[in-house]
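For reference, the structure discussed in these notes is given below.
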Amino acid sequence: MNMHLATFHDDGWELEDGESRHTEAPATFELPPLTERQSLKAGQIVKLIFRIALRDEPGLPSERTERMWVSVGEAQGFGYLGTLDNDAYCTPELKAGLQLSFEPRHVIQIWRES
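If you number the sequence shown the way our numbering does, the last residue is 131 and the count never jumps.
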């Protein structure tokens, strides 16, 4: 699979930039260090923010964001190929097993065994 980032217009969803969120609210929106986000290994689990296109009851366009876990597969160029690890709550369109591309800037959390 080639590195292709989903777009809201073409795919009905896209990943939000965690670095931008951190810049807007650094005191309340923490990120893992960039060095960790740039050196993920296959099998690690990371959290990404998905911006999802929806239709409300009268059929008007709306959107929602969900934070979901993704299993890192392999490094590709400047990013990664991963697999969605859970189903979206707001739509049946995004299900566990979906393959997607993402970049270090999208990673907002790295799962750590306690």
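Here a beta-carbon is modelled for each residue, glycine too, at the ideal position from N, C-alpha and C.
What's the call for residue 77, buried or exposed, on a 16-neighbour Cβ count within 10 Å?
-> Numbered from its first residue, the sequence shown carries residue 77 at position 60. Answer is exposed; the Cβ neighbour count stays below 16.
Can you check whether the CB of residue 120 is closer than 9 Å to the CB of residue 22?
-> On the sequence shown, position 5 is the one that residue 22 refers to. On the sequence shown, position 103 is the one that residue 120 refers to. Cβ distance < 9 Å, so residue 22 and residue 120 count as in contact.
Over the uninterrupted beta strand (DSSP E) stretch that includes residue 71, give me the two end residues.
-> Taking the sequence shown and counting its residues from 1, the one referred to as residue 71 is at position 54. Residues 62–72.
On the three-state DSSP scale, how would you describe residue 100?
-> Along the sequence shown, read from residue 1 onward, the residue named residue 100 stands at position 83. Three-state DSSP puts residue 100 in a strand.
Contact check, residue 89 vs residue 60, beta carbons under 9 Å = For the purposes of this step, residue 89 is taken as the residue at position 72 of the sequence shown. For the purposes of this step, residue 60 is taken as the residue at position 43 of the sequence shown. If you check the CB distance, residue 89 and residue 60 come in under 9 Å.
Are the beta-carbon atoms belonging to residue 111 and residue 83 less than 9 Å from one another?
-> For the purposes of this step, residue 111 is taken as residue 94 along the sequence shown, with counting starting at 1. For the purposes of this step, residue 83 is taken as residue 66 along the sequence shown, with counting starting at 1. Yes, they are a contact pair.
Exposed or buried, residue 97, counting other C-beta atoms within 10 Å across all chains shown (16 or more means buried)?
-> Looking up residue 97 in the sequence shown gives position 80. In the assembly as shown, residue 97 is a buried residue. Its beta-carbon has 16 or more other beta-carbons within 10 Å.
Is the Cβ-Cβ distance between residue 35 and residue 46 less than 9 Å?
-> Residue 35 sits at position 18 when you count from the first residue of the sequence shown. Residue 46 sits at position 29 when you count from the first residue of the sequence shown. In this structure, residue 46 lies closer than 9 Å to residue 35 by Cβ.
Is it the case that the Cβ atoms of residue 26 and residue 65 are separated by a distance below 9 Å?
-> Locating residue 26 in the sequence shown gives position 9, counting from the first residue. Locating residue 65 in the sequence shown gives position 48, counting from the first residue. 9 Å or more divides the Cβ of residue 26 from the Cβ of residue 65.
Cα-Cα separation, residue 39 to residue 48 = Against the sequence shown, residue 39 aligns to sequence position 22. Against the sequence shown, residue 48 aligns to sequence position 31. One Cα belongs to residue 39, the other to residue 48, and the distance between them is close to 7 Å.
May I ask you to report which of helix, strand or coil DSSP gives residue 82?
-> The sequence position of residue 82 within the sequence shown is 65, counting from 1. Residue state, collapsed to three classes: strand.
Roughly how many angstroms separate the alpha carbons of residue 85 and residue 54, rounded to a whole number?
-> Counted from its first residue, the sequence shown places residue 85 at position 68. Counted from its first residue, the sequence shown places residue 54 at position 37. Residue 85 and residue 54 have their C-alpha atoms roughly 16 Å apart.
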